[in-house]
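These protein sequence lines map, in sequence, to chains G and D.
Under the UniProt record's numbering, the very last position in the first sequence is 236; numbers go up by exactly one each time.
Under the UniProt record's numbering, the very last position in the second sequence is 236; numbers go up by exactly one each time.
Read the structure below first, then the notes.
Number of protein chains: 2
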Amino acid sequence: MSEQKKQQRGQADRLAVICTALRRAIIERALLPGDRLPEDTLGERFGASRTIARAALLQLSAEGLVELRRNRIAVVAAPSFQDARDIFDIRIALERQVVRHLAGTLTEAQVQELRQLVEAEHEARHGQDGAAIRLATEFHVRLAEMTGKPILIRYVTEICYRAGLSLSAFARPHSSECAVSEHLALIDAIRGGPALNAEDLMEEHLEAVASRALLHKTGTRGRDLMEILAPYSGDG
Amino acid sequence: MSEQKKQQRGQADRLAVICTALRRAIIERALLPGDRLPEDTLGERFGASRTIARAALLQLSAEGLVELRRNRIAVVAAPSFQDARDIFDIRIALERQVVRHLAGTLTEAQVQELRQLVEAEHEARHGQDGAAIRLATEFHVRLAEMTGKPILIRYVTEICYRAGLSLSAFARPHSSECAVSEHLALIDAIRGGPALNAEDLMEEHLEAVASRALLHKTGTRGRDLMEILAPYSGDG
DNA sequence: ACTCAAGAAAGTGTATGCACTTTTATTGCC
DNA sequence: GGCAATAAAAGTGCATACACTTTCTTGAGT
Numbered sequence: 001m002s003e004q005k006k007q008q009r010g011q012a013d014r015l016a017v018i019c020t021a022l023r024r025a026i027i028e029r030a031l032l033p034g035d036r037l038p039e040d041t042l043g044e045r046f047g048a049s050r051t052i053a054r055a056a057l058l059q060l061s062a063e064g065l066v067e068l069r070r071n072r073i074a075v076v077a078a079p080s081f082q083d084a085r086d087i088f089d090i091r092i093a094l095e096r097q098v099v100r101h102l103a104g105t106l107t108e109a110q111v112q113e114l115r116q117l118v119e120a121e122h123e124a125r126h127g128q129d130g131a132a133i134r135l136a137t138e139f140h141v142r143l144a145e146m147t148g149k150p151i152l153i154r155y156v157t158e159i160c161y162r163a164g165l166s167l168s169a170f171a172r173p174h175s176s177e178c179a180v181s182e183h184l185a186l187i188d189a190i191r192g193g194p195a196l197n198a199e200d201l202m203e204e205h206l207e208a209v210a211s212r213a214l215l216h217k218t219g220t221r222g223r224d225l226m227e228i229l230a231p232y233s234g235d236g
Numbered sequence: 001m002s003e004q005k006k007q008q009r010g011q012a013d014r015l016a017v018i019c020t021a022l023r024r025a026i027i028e029r030a031l032l033p034g035d036r037l038p039e040d041t042l043g044e045r046f047g048a049s050r051t052i053a054r055a056a057l058l059q060l061s062a063e064g065l066v067e068l069r070r071n072r073i074a075v076v077a078a079p080s081f082q083d084a085r086d087i088f089d090i091r092i093a094l095e096r097q098v099v100r101h102l103a104g105t106l107t108e109a110q111v112q113e114l115r116q117l118v119e120a121e122h123e124a125r126h127g128q129d130g131a132a133i134r135l136a137t138e139f140h141v142r143l144a145e146m147t148g149k150p151i152l153i154r155y156v157t158e159i160c161y162r163a164g165l166s167l168s169a170f171a172r173p174h175s176s177e178c179a180v181s182e183h184l185a186l187i188d189a190i191r192g193g194p195a196l197n198a199e200d201l202m203e204e205h206l207e208a209v210a211s212r213a214l215l216h217k218t219g220t221r222g223r224d225l226m227e228i229l230a231p232y233s234g235d236g
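Here is the structure:
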């Protein structure tokens, strides 16, 4: 109708942008448990007002990645050891379901895509630490997405991020959380169909990740949010 | 410091109050899938501004009970049939975990509390329809709470509410979703310990609820929100 | 009657302002 | 110097204002 675009500025859903950026920063361990997330700093970084930043924090708090305390600055959630264990138990239950639905149904294209993801993981292992962890998570998320079940996808994605955060809290710095070979074996088992018991393999894999990682505890505080988030301000 | 209490009005966390009220209204089928939830009406009903109402809707949307569409009025979520099925699959997986952790560990006091809940269910069956459904859900939630695992509690609670909403969308009006006798058998099986295979009993129970209910579809639109919410405005 | 195009009404998206709380810095006292 | 009292700064909680979008209403043209 109108010829000029005027100032229709707000359509890019900055809420989702902030959430995505923060999730990624958390999973890549740029943001660590306990790190402070002031609303105005967040808003400033993403060119939005406190209103949006606040909504993003509420959203992430619902996902268990951020802790919101009344009248206090929000912080990245710091799951307890018991929380971490419980998160992995739930994750196992959910991902078993993914594998069950997927067993014997993967197309060649899907197998190819998954293998490429694992390949990327392998590459990233020698470079940035954060990227490898993110790609390992992405592998599990993509697997869930292939079920085409929106609710399952949502829960698996969320629990994967929470698991990533838990590892961030307890894993030792350079532990190789997700062995590439395990992911490859998983792909083959799922492709093979129910007979190969891919479900059990998935459980073993996740159990291995958990026990490999949940050994000693690290801690960090008081770093500069603006600086940490700089690489995440662009598109997700 | 100051002697007068002044206007320190906002400490009651009205956000939580609204969320609780809406969850309950949804589970009791006072609010049905598709029902509109305008921010200002909601705020007015609970004596808060749109800001709070909006935050509540965002929270409930994260829990899958409310659907938020850009520039459009929020509505109670309307899960698809496939969604409903997936929700029950996830619910089964999670509640199996609850039962596994609980088997053989219930104290007499806990058994007593659960039996009282089932008794209340039984009573409610003859009166208001909504109350019976709510109490049935509460039984499962209390069970989860007895594990003492915060994360598991959170997910089970959420999935129970989503399951309730799904039933609301697809169950025929006066179907007896949760048979009281099944709940009693469940208590006994869990109390008995692992040998009795309470896990499988829970799965059977939930499967029965799902298949009993997911048969035909109902639909409703355009009712008066202020009126529906009147009984939920007080404390939860 | 039937369409459909204004215009009005209802509702959302978001920035901003102000009251209040928490945290941090400062200053005076010992 | 150590340390509490206190003032300044930083930050949250929430209502409100205004631009924009969607939805409803109405009435002219056919």
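Glycine included, C-beta positions come from ideal geometry on N, C-alpha and C.
- With fewer than three CB-CB distances shorter than 8 Å, the region 117 to 135 of chain D does not count as touching the region 191 to 204 of chain D.
- D:Ser80 is the residue among D:Ser80, D:Arg24, D:Ala62 whose C-alpha sits nearest the C-alpha of Phe170 (chain D).
- Residues of chain G whose Cβ lies closer than 8 Å to the Cβ of Leu94 (chain D) are, in chain order, Ile90, Ala93.
- At a Cβ-Cβ threshold of 8 Å, Ile26 (chain G) and Ile133 (chain G) do not count as neighbours.
- DSSP places Arg115 (chain G) within a helical segment (H, G or I) once states are collapsed to three.
- Fewer than three Cβ pairs drawn from the region 88 to 105 of chain D and the region 50 to 57 of chain D lie within less than 8 Å of each other, which leaves the two stretches out of contact.
- Interface residue (Cβ-Cβ distance to chain G less than 8 Å): Ile18 (chain D) is not classified as such.
- Around the beta carbon of Met146 (chain G), 16 or more other beta carbons lie within 10 angstroms, which makes this residue buried.
- Within the region 60 to 76 of chain G, the residues whose Cβ lies closer than 8 Å to some Cβ of chain D are Ala62, Glu63, Gly64, Arg70, listed in chain order.
- In this structure, the CA atom of Leu225 (chain G) is about 12 Å from the CA atom of Gly43 (chain G).
- When secondary structure is reduced to three states using DSSP, Ala74 (chain G) falls in the strand class.
- When DSSP assignments are scanned along the region 33 to 81 of chain G, the uninterrupted stretches of alpha helix (DSSP H) that are 4 or more residues long and fall wholly within it turn out to be 39 to 45, 50 to 62.
- In the three-state reduction of the DSSP assignment, Asp129 (chain G) falls in the helix class.
- A straight-line Cα-Cα distance of about 7 Å links Leu186 (chain G) and Met202 (chain G).
- Straight through space, the alpha carbons of Pro150 (chain D) and Ser166 (chain G) are spaced by roughly 14 Å.
- Distance from the CA atom of Leu143 (chain G) to the CA atom of Phe46 (chain D), rounded to whole angstroms, is 43 Å.
- Put simply, the region 63 to 70 of chain D does not touch the region 63 to 82 of chain G. Fewer than three CB pairs are less than 8 Å apart.
- Cβ proximity to chain D below 8 Å picks out Lys149, Pro150, Ile151, Leu152 from the region 128 to 153 of chain G.
- According to the DSSP assignment, Ala208 (chain D) belongs to the alpha helix (DSSP H) that extends over 198 to 213.
- With respect to the 8 Å criterion, Cys19 (chain G) and Arg91 (chain G) are not classified as neighbours on the basis of their beta carbons.
- At a Cβ-Cβ threshold of 8 Å, Leu117 (chain D) and Leu135 (chain D) count as neighbours.
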